[in-house]
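Chemist:
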Amino acid sequence: MIKLIIYALKRFAWFKRLNAKVTYELLAKRVPAAEWQFMNYGYVPNPNEKPIEVPEDPSIQKYPLQMYHYLALKTDLGGKKVLEVGSGRGGGAKHVASALKPASYIGMDLAQNAVDLANKLHHVPNLKFIQGSAEEIPLPDNSVDVVLNVESCHAYGSVEKFINEVKRVLKPNGTFALVDFRDADKMYVLRQQLKNSGLTWIEEEDISSNVVRAIEAEDEVKKARIKKLFPPKWQKLFGEFAGVVGSTFHTKMKNGVKVYHRFVLKKPA
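The numbering of the sequence shown is my numbering, which starts it at 72 and goes up by one.
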């Protein structure tokens with residue numbers, strides 16, 4: 072009964088906003104573990120994407136890091152002002168700010184506890200984290216060169232408001248790059264929202280198989296992390312949330328019920 076009520080409430084924008092804020096506030100406050108810095112499902116690069124050197128250290132979370140790296144490579148970040156909307160625990164922001172040399176990188180998240188944790192964990196000169204809503208970005212018009220959004224907008228109350236805010240804060244010729252998942256029969260909604268935004272369409276890629284391979288490659292390490300960070304009574308629930316092999320998310324991705332796409336757009340000059 073509770074699951075049915077929650078499913079029904081997710082149709083309402085106010086509930087989606089509340090659910091996202093409460094969930095990520097609690098996770099950041101209750102599980103402030105330094106070795107858990109990413110919250111996306113991970114990515115295995117395509118053969119035409121240049122491999123990156125990442126030490127074989129389970130604490131690095133190689134596959135989620137790669138999700139950020141290959142999305143950020145869709146544009147040149149060198150010397151640019153970058154905004155990430157939905158920066159979570161900040162691991163992706165730290166990697167991109169360090170490895171790809173933007174002039175500045177702002178990680179913004181709705182959850183204040185996540186912002187506080189990210190500022191505590193990550194110390195890079197060109198990086199800072201702020202609290203803010205994707206639907207009311209607290210930055211001036213035409214103020215950033217690049218907006219990144221990683222596996223986040225599915226949880227927003229209004230994706231249209233978010234995209235309009237991205238368009239507002241981007242400078243002319245600025246780039247918007249995002250990755251996210253949807254039910255296979257609903258991805259067209261996100262596609263149309265982006266195409267109707269007034270931003271110039273650059274590309275769309277179906278990276279579902281890349282994500283499935285990442286989930287399966289990271290499974291042993293992810294399950295060990297869950298066992299370490301969560302008491303036994305919460306491990307199954309968080310395994311579902313984290314998308315371990317055999318979880319509902321993994322199964323739906325594997326069966327094509329859910330899909331995961333990567334998009335790149337530009338603001339007209």
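Every residue, glycine too, gets a C-beta built ideally from N, C-alpha and C.
(1) From what residue to what residue does the alpha helix (DSSP H) around L192 run?
(2) Use the C-beta contact count for W160: other C-beta atoms within 10 angstroms, 16 or more gives buried, fewer gives exposed.
(3) DSSP three-state label for G310, please.
(4) How long is the line joining the alpha carbons of I76 and N90, rounded to whole angstroms?
(5) Under a three-way DSSP split, which group does S214 fall into?
(6) Look up R284 in the DSSP assignment and say whether it is helix, strand or coil.
(7) Only counting the same chain, and skipping five residues up and downstream in sequence, which positions put a Cβ closer than 8 Å to that of Q202?
(8) Exposed or buried, what is S223 when buried is set at 16 or more other beta-carbons lying within 10 Å of its beta-carbon?
(9) Inspect the CB distances between the region 109-120 and the region 267-284 and report whether three or more fall short of 8 Å.
(10) According to the neighbour-count rule (16 or more other Cβ atoms, all chains shown, within 10 Å of its Cβ), is I73 buried or exposed?
(11) Taking the straight line between their C-alpha atoms, what separation do you get for M324 and Q306?
(12) Use the C-beta contact count for S158: other C-beta atoms within 10 angstroms, 16 or more gives buried, fewer gives exposed.
(13) Taking the continuous beta strand (DSSP E) assigned at N326, which residues delimit it?
(14) Mark L154 as exposed unless 16 or more other C-beta atoms lie within 10 angstroms of its C-beta, in which case mark it buried.
(15) With DSSP run on the structure shown, which of helix, strand or coil describes F334?
(16) Rounded to the nearest angstrom, what separates E124 and P302 at their Cα positions?
(17) Going by beta-carbon coordinates alone, are H321 and I286 separated by less than 9 Å?
(18) Out of curiosity, what's the CA-to-CA distance linking F200 and A189?
(19) Are at least three pairs of beta-carbons, each pair with one atom in the region 128-141 and one in the region 162-179, less than 8 Å apart?
(20) Using CA coordinates, which residue listed in G314, L308, K304 and S268 is at the minimum distance from D290?
(21) Can you look up D147 in the DSSP assignment and give me helix, strand or coil?
(22) Quickly, what does DSSP pair K152 with across the bridge? List them, please.
(23) Using only alpha-carbon positions, find the residue among V167, S318, A205 and D147 that is nearest to K92.
Modeler: In brief:
(1) Q183 to L192
(2) It is worth fixing the name first, because residue 160 is Arg in this sequence and not Trp. Classification for R160: buried.
(3) Helix at G310.
(4) Because I76 sits at a pLDDT of 43, beneath the cut-off of 50, its placement in the model cannot be relied upon, and the following sentence gives the value as read from the coordinates. Rounded to whole angstroms, I76 to N90 spans 13 Å at the Cα level.
(5) coil
(6) In the structure shown, the three-state DSSP call for R284 is helix.
(7) M179, D180, L181, A182, Q183 and V186
(8) buried
(9) By the Cβ criterion, the region 109-120 is in contact with the region 267-284, since at least three pairs of Cβ atoms, one from each stretch, lie closer than 8 Å.
(10) Since pLDDT at I73 reaches only 43, below the 50 mark, its modelled position is unreliable, and the value read off the structure follows with that caveat. Answer is exposed; the Cβ neighbour count stays below 16.
(11) 21 Å
(12) buried
(13) Careful: N326 lies outside any beta strand (DSSP E), inside the alpha helix (DSSP H) at T319 to N326.
(14) buried
(15) strand
(16) 34 Å
(17) Contact check for H321 against I286 passes: the beta carbons are separated by less than 9 Å.
(18) Here the alpha carbons of A189 and F200 stand approximately 7 Å from one another.
(19) yes
(20) G314
(21) Coil.
(22) Residue pairing by DSSP places K152 opposite S175 in a beta bridge.
(23) Minimum Cα distance to K92 is reached at A205.
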